[in-house]
Structures are given as C-alpha cells and as structure tokens.
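See below for the structure under consideration.
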Amino acid sequence: MANILITGGSGLVGKAISELLLKNNHQPVWLSREEGKYKSIKKFKWDVSRNYIDENAFEGVESVIHLAGAGIADNRWTTAYKKEIIDSRVKSSELLFNYISKNKFPIKTLVGSSAMGYYGATQSEKIFTETDGPGNDFLAETCVLWEKSYQPFIDAGIRTSIIRTGVVISKTGGAYVKMAPAFKLGFGAGLASGKQAFQWIHINDIASIFQYALLNTTINGIYNGVGSELIDNKNFSKQLAKSLHKPFFAPNLPGFLLKIFMGESAVIITEGVKISNKKIKDSGFKFEFETAEAALKDLAS
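For the sequence shown, my numbering gives the first residue as 1, with consecutive numbering after it.
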C-alpha cells in the first residue's frame with residue numbers, strides 16, 4: 001500500500017494508529033513541527049502559522065489521517081487558547097487541502113478526527129447518534145467548524161470519514177494516566193454529580209477504528225468513535241477502583257471546585273452525554289473491549 005500521511009502523529013492516538021499500521025505492514029509518515037524520525041516513521045516539517053508543508057511528505061501518499069489540534073484539556077480556556085483550539089484544527093485542514101489541491105497530489109482517502117463534544121456538554125437520558133444536531137456550547141461550536149473544514153475534501157471527490165472520538169483511555173497518556181494515581185492510593189472519587197455519562201473508548205479500539213475507516217472503501221461520512229457500554233462517571237470510577245483492587249468510598253469531588261481549578265473547561269468532566277456506536281458496529285467493525293470493566297482490567301494489567 002502507498003504511504004499514509006498522518007498529522008498529529010506524535011499524540012496519544014496518532015502514535016497508537018501509527019504503530020498499528022506498522023504492525024499490519026503499512027507505512028505511515030508524519031507531518032510534524034520538527035523533521036526527523038520516530039522509530040521507522042519519517043517526520044516531515046509543517047508550520048500551520050506560516051502556511052508551510054514540506055511537499056516531500058506527499059511522495060507516494062494516497063491517504064491522509066488528520067488528527068492535529070491543540071489539546072482541549074491542556075490549558076484553561078482563555079480567549080486566546082479558545083482561538084488556538086479552533087485555529088489549530090480548521091487552519092490545518094485548510095492548509096492540507098490547499099497543498100493537495102494546488103499540487104494535484106493523488107489523495108484518495110481522508111480520515112479526519114472530530115470529537116464527542118459535537119453533541120454538547122450537558123446531561124440527558126437521550127442517546128445521541130450521528131444524525132443528531134450539534135450542541136450550542138464552545139466544544140460543539142468547535143466541532144462544527146472542525147467538521148466543516150473537511151468539506152473541501154468531500155467536494156473534491158476524496159473519500160472522507162470523520163470520527164467523533166470519545167475519552168480515550170490508555171496506559172501511556174490521557175484521562176486514565178491522570179485519574180489512576182489517586183485510585184492506586186485508594187483515594188479515587190467520582191467527579192461532580194457522578195451522574196454524567198463517561199463516554200470512554202480503549203486506545204486499541206480507537207486506533208482500530210481509524211485503520212478500519214482508512215482501509216475499508218465502503219466507509220465514508222461521520223462515525224462515533226466511542227465504547228459500547230453506556231456508563232456514568234461514578235460507575236466508571238467504581239470500575240477503575242475495582243480494576244486496581246482498591247476501595248471506592250471517597251465522596252465525589254464537587255463540581256464547583258473543579259470549576260475553580262479548571263474554569264470553563266471543567267465541563268469536559270462535569271458534563272457528559274450518552275452516545276451510540278451502532279453505526280460503526282453495523283458497518284462491520286468489531287470492538288476488542290465491549291465493557292468499561294474489560295477495558296480497565298486490560299489497562300491495569
């Protein structure tokens with residue numbers, strides 16, 4: 001198979017996808033802020049702020065996986081950082097398309113990242129599917145703009161899949177690594193009301209979804225990349241404690257404290273909606289981890 005160009009390859013999900021592709025005898029290459037190599041993966045420089053991509057990155061490339069974007073939970077949501085969150089996603093998509101279009105690179109497939117934030121930071125008994133409209137908060141607005149940035153690829157006839165990713169749990173980074181230390185000490189607790197949905201997905205499964213969308217030519221459009229079990233924050237926390245053989249008795253950490261420490265971005269953990277993965281399952285994708293218990297047991301091993 002031709003080379004696969006990945007943006008955001010050095011991130012948690014990007015590395016997992018890259019390693020899965022290598023394992024299956026596919027060759028990823030990365031667009032990165034620095035040239036060099038990661039294992040057997042070549043890194044080519046790009047700079048979104050300067051509208052620059054090393055055109056050598058596209059040599060032998062027919063497919064692109066676009067993951068680049070400033071971390072949602074990396075900083076407080078100041079006005080400047082909100083702008084960075086949006087621009088790092090939208091402008092990077094625009095730059096990619098402009099280079100592909102201008103140079104007539106023969107790209108056949110794009111798999112683009114989005115997020116479950118599309119549905120809004122709220123609480124509801126409704127189970128959201130890909131046909132539901134967006135929420136009306138910052139994360140939802142960001143995801144709308146993010147997904148809109150893929151439209152030129154679609155209009156150009158490039159097979160385009162968009163994955164709305166849930167909270168990725170992994171031993172090497174992300175939410176699990178932040179949560180686990182307190183639980184290992186026996187001080188783990190639910191967050192805010194604990195009733196908000198915790199829409200998790202194991203790192204192996206999200207990497208596999210991206211590979212599946214890349215290689216399966218019948219896949220296009222929007223898919224929810226979330227785990228199968230619908231579980232709230234309190235019960236996920238209980239399962240986490242259980243997987244580490246620790247008690248779970250501490251009271252929930254109040255939402256107002258989270259808002260003091262995190263500001264507006266606290267909605268990432270104080271709110272959460274239920275999301276269906278039926279569409280990707282119905283297409284033929286098989287999840288490795290169907291329950292939070294199984295996923296957490298794997299991470300604890």
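Beta carbons are placed, not taken as given, at the ideal position from N, Cα and C, and that holds for glycine.
Computed from a predicted model, the values in this text were never measured in an experiment.
Identity of the residues DSSP links to residue i by a beta bridge
i: P28; result: I4
i: S161; result: V111, G221
i: I53; result: W46
i: F128; result: I275
i: K37; result: K42
i: G69; result: Paired residues: none, contrary to the question.
Nearest to residue i (by Cα), restricted to the options the options
i: Q199; options: I65, A115, T109; result: A115
i: C143; options: D54, S63, G120; result: G120
i: E327; options: T217, V167, F187, G173; result: Absent from the structure is residue 327, since the part of the chain shown begins at 1 and ends at 301.
i: R164; options: F249, P134, K126, P181; result: P134
i: S237; options: V90, L145, L296; result: L296
i: V48; options: K37, F97, E62; result: F97
i: K104; options: G157, E147, S92, L145; result: G157
i: K83; options: T218, T131, I222, F138; result: F138
i: A182; options: G8, S32, L240, F261; result: L240
i: H26; options: E94, I6, V273; result: I6
i: P152; options: G8, P251, L253, L110; result: L110
i: I162; options: S32, I85, F187, A213; result: A213
i: N204; options: L21, S10, A189; result: L21
Per-residue burial, residue i [other beta carbons within 10 Å of its own, 16 or more giving buried]
i: P247; result: exposed
i: N224; result: buried
i: A16; result: buried
i: E277; result: Per the sequence shown, residue 277 should be read as Asn rather than Glu. When all chains shown are included, N277 counts as buried.
i: S243; result: buried
8 Å contact criterion, which residue i and residue j should meet: CB distance rounded
i: W30; j: Y38; result: 7 Å
i: S40; j: I4; result: Rounded, the Cβ-Cβ distance is 13 Å, inconsistent with contact.
i: I206; j: V13; result: 6 Å
i: R89; j: G69; result: 4 Å
i: T160; j: I169; result: The pair is not a contact, with the Cβ atoms about 27 Å apart (cut-off 8 Å).
i: I127; j: I275; result: 7 Å
- Query: Should the stretch 53-62 be regarded as contacting the stretch 105-112, the criterion being three or more beta carbon pairs within less than 8 Å?
  - Reply: yes
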